[in-house]
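**Student:**
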Amino acid sequence: NAIRIEGDINGLPTLDEEKCTGCGRCMLECPGLAIFLVRDNGDGTGTVAVPWEMLPIPEKGDKVIATDRNGLSVCEAQVERVVRKKGRAAVYLRVKKEHIGEVRCFATTERAGTDLVKRPYKGGFADDVLICRCEDVWRSQIEELLNAGYTSFEEIKRILRCGMGPCQGKTCQRLVLGLIAAHRGCKQSEVSPQRSRSPVRPTPLSVFANYRNRAND
């Protein structure tokens, strides 16, 4: 009851801090894995709780690699506790206090190794893969342009139409930016995303058809 969404499911959720008890139920219920919990423990450490759907599920006491939103290593973390629900778990990570604003996920040490240094995305696709589903653009096509000297999203977008389909880049933009960053040898955050133009989401034609009637009301 602490979180409310006004209107339909696309409405912006609001949190009533007076009702929130920090139970974490919202984190386990959210279908988009968009909720996490952050707590300052008061002893120089903090706890970040994140939703987890993959196997294996870590156990209490395990050491993992805490990562940021882009999947880059931030620091080492210890699993404080695990709350399980069918098909999902909430994993509570104990990290140094200065990292609680940055840590948003984790990787097992077997997967991430022991290298905790942040580094740009390096790919990892074994075969050619589909990057933009809307416009049927493949990784090999993007790499061909990168090797030809086109190293910005806008250049690639104008040639291959990445980000110009119905989803307007919601699926492909991050993948394309990752390939550009790997080619440049920089962080993905240093690559400029596409310029957003209205409408920024798919809009029914009826909205434009009724515009004149609404303007006259």
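Anchor point for the sequence shown: position 65 equals 91 in our numbering, and the numbering is continuous, going up by one each time.
Glycine is no exception: its CB is placed at the ideal position from the N, C-alpha and C atoms.
Between residue 128 and residue 119, which are expected to be in contact by the criterion C-beta below 8 Å, what is the C-beta distance as a whole number of angstroms?
**Tutor:** Translated into positions along the sequence shown, residue 128 becomes position 102. Translated into positions along the sequence shown, residue 119 becomes position 93. Between residue 119 and residue 128 the Cβ distance is about 12 Å, and since that is not below 8 Å, they are no contact.
**Student:** Which value, in whole angstroms, describes the spacing of the CA atoms of residue 54 and residue 174?
**Tutor:** For the purposes of this step, residue 54 is identified with residue 28 of the sequence shown, where counting begins at 1. For the purposes of this step, residue 174 is identified with residue 148 of the sequence shown, where counting begins at 1. Cα to Cα, residue 54 sits roughly 46 Å from residue 174.
**Student:** Over the uninterrupted alpha helix (DSSP H) stretch that includes residue 182, give me the two end residues.
**Tutor:** Position 156 of the sequence shown holds residue 182. Start and end: 179–186.
**Student:** Which parts of the stretch 57–106 are runs of the beta strand (DSSP E), unbroken and 3 residues or longer, counting only runs that do not cross its ends?
**Tutor:** Segments of the beta strand (DSSP E) lying fully in the stretch 57–106: 63–66, 71–78 and 89–93.
**Student:** Would you be able to state if there are at least three C-beta pairs under 8 Å between the stretch 60–69 and the stretch 89–98?
**Tutor:** Taking 8 Å as the limit for Cβ pairs, the verdict is that the stretch 60–69 does not touch the stretch 89–98.
**Student:** Could you tell me which of 74, 85 and 170 sits nearest to residue 130, measuring between CA atoms?
**Tutor:** Numbered from its first residue, the sequence shown carries residue 130 at position 104. Ranking the options by Cα distance to residue 130, first place goes to 74.
**Student:** Can you name, in chain order, every residue of its own chain whose Cβ lies under 8 Å from the Cβ of residue 179, other than the five neighbours on each side?
**Tutor:** Translated into the one-based positions of the sequence shown, residue 179 becomes position 153. Within the same chain, residue 179 has close Cβ partners 188, 189, 199, 202, 203, 206, 217, 218, 219 and 220.
**Student:** Can you look up residue 130 in the DSSP assignment and give me helix, strand or coil?
**Tutor:** Along the sequence shown, one-based indexing puts residue 130 at 104. Coil at residue 130, not helix or strand.
**Student:** Which of the three DSSP states, helix, strand or coil, is assigned to residue 232?
**Tutor:** Your numbering for residue 232 matches position 206 in the sequence shown. Note: residue 232 maps to helix in three-state DSSP.
**Student:** Sort 86, 125 and 31 by Cα distance to residue 71 and report the nearest one.
**Tutor:** The residue labelled residue 71 in the question sits at position 45 within the sequence shown. Cα-wise, what sits closest to residue 71 is 125.
**Student:** Under the three-state reduction of DSSP, which class applies to residue 45: helix, strand or coil?
**Tutor:** Taking the first residue of the sequence shown as position 1, residue 45 is located at position 19. Here residue 45 sits in coil by DSSP.
**Student:** Indicate the three-state DSSP secondary structure (helix, strand or coil) for residue 28 in the structure shown.
**Tutor:** Translated into positions along the sequence shown, residue 28 becomes position 2. If DSSP states are grouped into helix, strand and coil, residue 28 belongs with coil.
**Student:** From residue 140 to residue 231, what distance separates their C-alpha atoms?
**Tutor:** Walking along the sequence shown from the start, residue 140 turns up at place 114. Walking along the sequence shown from the start, residue 231 turns up at place 205. Residue confidence is low: residue 140 scores 44 on pLDDT, short of 50, so the model does not pin down where it sits. Its coordinate-derived value is still stated next. Rounded to whole angstroms, residue 140 to residue 231 spans 53 Å at the Cα level.
**Student:** Would you call residue 81 buried or exposed, if buried means 16 or more other Cβ atoms sit within 10 Å of its Cβ?
**Tutor:** As a working note, residue 81 is residue 55 in the sequence shown. So residue 81 ends up on the exposed side.
**Student:** What are the boundary residues of the beta strand (DSSP E) that residue 116 is part of?
**Tutor:** What you label residue 116 is simply residue 90 of the sequence shown in a count that begins at 1. Counting along the chain, the beta strand (DSSP E) containing residue 116 begins and ends at 114–122.
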